[in-house]
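Chains as they are written, first to last, in the working numbering: chain A, 579 to 871; chain B, 0 to 299.
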């Protein structure tokens, strides 16, 4: 058998040692470490803290950072150090929950639209366009008003339900393009059903292209929560989040208490930067495998 | 007499060009392929070769005509559904461009085992991976490639993977849509030899689509010549190359380069007048195996 294969050219796989610096663009170690620290801190710190972030100690209001209050206290006498971690819990969970929800909706709508006949696709996409053309903050405030008093779940729901449109469009475009490719035709020939094709061929290919957008949605959701809370339309003042902490900013600035604004703001900005960095890296690594051809 | 495996009758397919205009890609093509034979379909670009292959594989739905595989009309939805499993496991296709016919995000092992996984077939060699390794070795590649991704392979290697994927199902009918057109010449020779070897070993029926006449001459038992969606001539390979009857076939054969400069310079090209192409004539039998479009060309 072997000499016959010699005729058709059996070639051994040339195993090469990976050249140094093979990966273009280094991994965002700093960003990942910071995010991990934030997540861990937010999960564990509230268990370890001795001070209740919600308790108002009016004898110690607007205190500068010192030995007792590491990050100082706000104008209502709450300990900012404790608030950062319990507030981060709220902000991050809204970010992740809202993104998870919007991604599920986006993939479902995009896949249906991509696989649907032309008229249904057009209908779904025009509806998406309409939703996309309404300023999302307006819709969020409207929906939140309809839902009543805001809490983490309702806010995630509202932010998630308004943030899926652009991802859905990308999914739909990718699916529409991929479904005419020859490997999908080949999979159909061998008897693969729609679900098999979606799961094995389409999803791995479009997930790479929406990864960056999904990560950016985490950022968007955190910003949306902060914006809403800052405007007073989001979480009530007694539910501590990074956004609601910032809502005290005007008072703080007039009182000359920089730490009330600067410290939560710094954490927010650093987290957003880390998420962006992670998203950038994901985008780079998603495009890497295909660049060989 | 050998049993007919695939019977294509009066196949027609056209593509909408927009504004109510249509492109007739395939226009009344009929041919039969016997069990175990290699049937070559040749023609220039745009002659409808790939459309025929795609209709045979149910990727496209023809507007008219029927395609009978083992007596089952694959274009009839009811008959297709009733025989779906048989049709999907026994017929396999190899595409021209292996960079688009293999999913870039699947490992070679998963690509080769995909037909088995889709059809929930218990792999005869234990695991899906062992099966993939066997098939990969069978097409002349080292099993070390199992964990590679298609973009990491060369064009010839990718086409071998595509062939291995088609072979895992032990197909009865293998349709190859210009499987070597995207490869360079030395790799083409390897793949053609591989096809010969595999066909001798498996005995599958092979519909081989190409525009390279030398390859067809080397590989095929019978050849059909397509021109602008019409089958203009069909004959056993030797007969067709020795005694071409239709003017288009003559022109096509006279265009084959000869690897000898003196003879190449002396070669007379036969020119085919496109305007004179008569698509109305019927298919005429000139000898038991030799058919040609239109009656008058039958005179040698």
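Every residue, glycine too, gets a C-beta built ideally from N, C-alpha and C.
Just to check, is the beta-carbon of residue i closer than 8 Å to a non-hydrogen atom of the ligand NAD?
i, result
"residue 190(B)", "For the ligand NAD, the structure offers nothing, since it holds no ligand at all."
Return the CA-CA distance between residue i and residue j, expressed in angstroms with no decimal places.
i, j, result
"residue 697(A)", "residue 764(A)", "26 Å"
"residue 76(B)", "residue 82(B)", "10 Å"
"residue 320(B)", "residue 124(B)", "Here chain B covers residues 0 to 299 and nothing more, so residue 320(B) does not appear."
"residue 224(B)", "residue 793(A)", "55 Å"
"residue 289(B)", "residue 234(B)", "4 Å"
"residue 704(A)", "residue 51(B)", "37 Å"
"residue 772(A)", "residue 757(A)", "10 Å"
"residue 219(B)", "residue 247(B)", "20 Å"
"residue 173(B)", "residue 112(B)", "17 Å"
"residue 606(A)", "residue 178(B)", "43 Å"
"residue 206(B)", "residue 775(A)", "26 Å"
"residue 243(B)", "residue 170(B)", "33 Å"
"residue 840(A)", "residue 613(A)", "19 Å"
"residue 850(A)", "residue 633(A)", "28 Å"
"residue 760(A)", "residue 96(B)", "9 Å"
"residue 284(B)", "residue 253(B)", "23 Å"
"residue 195(B)", "residue 99(B)", "24 Å"
"residue 309(B)", "residue 216(B)", "Chain B is shown from 0 up to 299; residue 309(B) falls before or after that span and cannot be answered."
"residue 707(A)", "residue 79(B)", "39 Å"
"residue 378(B)", "residue 688(A)", "The structure shown does not extend to residue 378(B), since chain B is modelled only from 0 to 299, so the question has no answer here."
"residue 846(A)", "residue 753(A)", "35 Å"
"residue 731(A)", "residue 119(B)", "42 Å"
"residue 715(A)", "residue 766(A)", "43 Å"
"residue 622(A)", "residue 663(A)", "9 Å"
"residue 860(A)", "residue 843(A)", "26 Å"
"residue 208(B)", "residue 721(A)", "60 Å"
"residue 784(A)", "residue 770(A)", "19 Å"
"residue 33(B)", "residue 5(B)", "7 Å"
"residue 70(B)", "residue 278(B)", "29 Å"
"residue 142(B)", "residue 127(B)", "13 Å"
Using a 10 Å radius around the Cβ and a threshold of 16 neighbouring Cβ atoms, would you call residue i buried or exposed?
i, result
"residue 85(B)", "exposed"
"residue 66(B)", "buried"
"residue 53(B)", "buried"
"residue 93(B)", "buried"
"residue 656(A)", "buried"
"residue 803(A)", "buried"
"residue 870(A)", "With a pLDDT of 47 at residue 870(A), under the threshold of 50, the predicted position of this residue should be treated as unreliable, though the coordinate-derived value follows. Its Cβ having fewer than 16 others within 10 Å, residue 870(A) is exposed."
"residue 712(A)", "exposed"
"residue 255(B)", "exposed"
"residue 660(A)", "buried"
"residue 49(B)", "buried"
"residue 19(B)", "exposed"
"residue 291(B)", "buried"
Take residue i and list the residues in its own chain whose beta-carbon comes closer than 6 Å to its own, dropping the five residues that flank it on each side.
i, result
"residue 806(A)", "812"
"residue 796(A)", "673, 677, 853"
Might you give, ordered along the chain, the residues of its own chain that have their beta carbon closer than 7 Å to the beta carbon of residue i, omitting 5 neighbours on each side?
i, result
"residue 15(B)", "21"
"residue 134(B)", "111, 163, 166, 167"
"residue 826(A)", "652, 653, 838"
"residue 599(A)", "Model confidence at residue 599(A) stands at a pLDDT of 47, short of 50, so the residue's coordinates are unreliable and nothing is read from them."
"residue 101(B)", "110, 149, 157, 160, 161"
"residue 693(A)", "753, 757, 772"
"residue 857(A)", "790, 793, 794"
"residue 799(A)", "672, 673, 676, 677, 737, 741"
"residue 250(B)", "269, 270, 271"
Looking only at its chain, what residues have a beta carbon closer than 8 Å to the beta carbon of residue i, apart from the 5 residues adjacent to it on each side?
i, result
"residue 257(B)", "263, 266"
"residue 193(B)", "138, 139, 159, 162"
"residue 156(B)", "140, 144"
"residue 190(B)", "155, 158, 159, 162, 178, 179, 182"
"residue 29(B)", "7, 8, 9, 10, 64, 230, 282"
Exercise. Return the residues of the region 37–59 of chain B that lie within a Cβ-Cβ distance of less than 9 Å from chain A, sorted by chain order.
Key: 53, 56, 57, 58
Exercise. Check distances from the C-beta atoms of the region 773–784 of chain A to those of chain B and list, in chain order, the residues that come in under 9 Å.
Key: 774, 778, 779, 782, 783
Self-check item: Any 3 or more C-beta pairs closer than 8 Å across the region 644–660 of chain A and the region 828–847 of chain A
Solution: yes
Quiz prompt | Residues within the region 92–103 of chain B neighbouring chain A, beta-carbon criterion of under 8 Å | solution = 92, 94, 96, 98, 99, 100, 101, 102, 103
Quiz item: With a cut-off of 8 Å, do at least 3 Cβ pairs link the region 778–790 of chain A to the region 808–827 of chain A?
Solution: no
Quiz item: What are the residues of the region 727–759 of chain A that lie near chain B, defined by any Cβ-Cβ distance shorter than 7 Å?
Solution: 759
Quiz item: Does the pairing of the region 236–243 of chain B with the region 58–71 of chain B give three or more beta-carbon distances under 8 Å?
Solution: no
Quiz item: Is there contact here, the region 722–729 of chain A with the region 664–673 of chain A, by at least three beta-carbon pairs under 8 Å?
Solution: no
Quiz item: Pairing CB atoms from the region 141–153 of chain B with CB atoms from the region 96–109 of chain B, are three or more of them under 8 Å?
Solution: yes
Quiz item: Using a Cβ cut-off of 8 Å, which residues of the region 111–123 of chain B contact any Cβ in chain A, in chain order?
Solution: 113, 114, 117, 118
Quiz item: Which residues, in chain order, does the region 123–143 of chain B contribute to contact with chain A at a C-beta distance below 9 Å?
Solution: 136, 137, 138, 139, 140, 141, 142, 143
Quiz item: the region 73–87 of chain B: which residues have C-beta closer than 9 Å to a C-beta of chain A, in chain order?
Solution: 83, 84, 86, 87
Self-check item: Under 8 Å (Cβ pairs) to chain A, residues found in the region 215–235 of chain B
Solution: none
Exercise. State whether the region 683–693 of chain A contacts the region 740–758 of chain A, with contact taken as three or more CB pairs (one from each stretch) at a distance under 8 Å.
Key: yes
Quiz item: Just by C-beta distance, which residues in the region 792–812 of chain A are closer than 7 Å to chain B?
Solution: none
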